[in-house]
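Following: one structure in structure tokens, then a few remarks.
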Amino acid sequence: MFHVNDYVVYGLTGVCQITDIRKDEYISSNETQYYVLNPVYNNNMTIKVPVNSQSIMMRAVISKHDAMSLIAAMPEIKTVWIDNEKQRTADFKAALKSGNHENWVKIIKTLYLEKKARSASGRKLTKTDEDILNEAEKQLNQELSIALDISCDAVGSYIIKHIKKK
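All the letters of the sequence shown, read from the start, carry residue numbers 35 to 200 under my numbering.
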């Protein structure tokens, strides 16, 4: 169970802080306990999630130690290009939803290299690939910013700095 002020990752909403845990009475006079979540990077939203829900993807934010281990492992994480655009989109979207950091890094590395290669020949990524790349970067940067206690904008340079140290 999570506690008030804990940071969690809630689906593709991203990093949220638990601001309250309360019981509300709804249908059939059943009292249900809820986490009240406020997305860290979207102040205009509040989310209520049942504490005992099994169908909702919510997990604790990665620890600083695990974040540093992930960054150290980034150079060895393999890319996963898929030629079939529909299959690539489906696989990458599933990887995004998985909440798995290594999958996010695979997506980012793969699409970044593809973007670079296409740019060299005067072409661009497809809109779908660009959107997936942006979402993967957003998810990873938000979570690492909380774990490392740095701003979201500083995550990219932090990663580069620590990879170059190796």
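The C-beta atom is built at its ideal place from N, Cα and C for all residues, glycine as well. All of these numbers come straight from a predicted model, not from anything done at the bench.
Are the beta-carbon atoms belonging to Gln67 and Val85 less than 8 Å from one another? yes
Classify Ile180 as helix, strand or coil using the three-state DSSP reduction. helix
According to DSSP, is Leu167 helix, strand or coil? helix
Ile142 burial status per 10 Å Cβ neighbour count (16 or more: buried): buried
Of all the alpha helix (DSSP H) runs that stay within the bounds of the stretch 46 to 110, which reach a length of 4 or more residues? 98 to 107
Quick check on Ser132: buried or exposed, where buried means 16 or more other Cβ atoms within 10 Å of its Cβ? exposed
Please state whether DSSP places Ile38 in a helix, a strand or coil. A small fix is needed here, since residue 38 is Val in this sequence, not Ile. Val38 falls in the coil class under three-state DSSP.
Closer than 6 Å by C-beta to Lys149: which residues in its own chain qualify, once you throw out the five before and the five after it? Chain order, please. Leu159
Give me whichever residues DSSP pairs with Val43 in a beta bridge. In the DSSP output, where bridge partners are listed per residue, Val43 has Val49, Arg93.
Asn134 by DSSP, collapsed to three states: which one? It is coil, neither helix nor strand.
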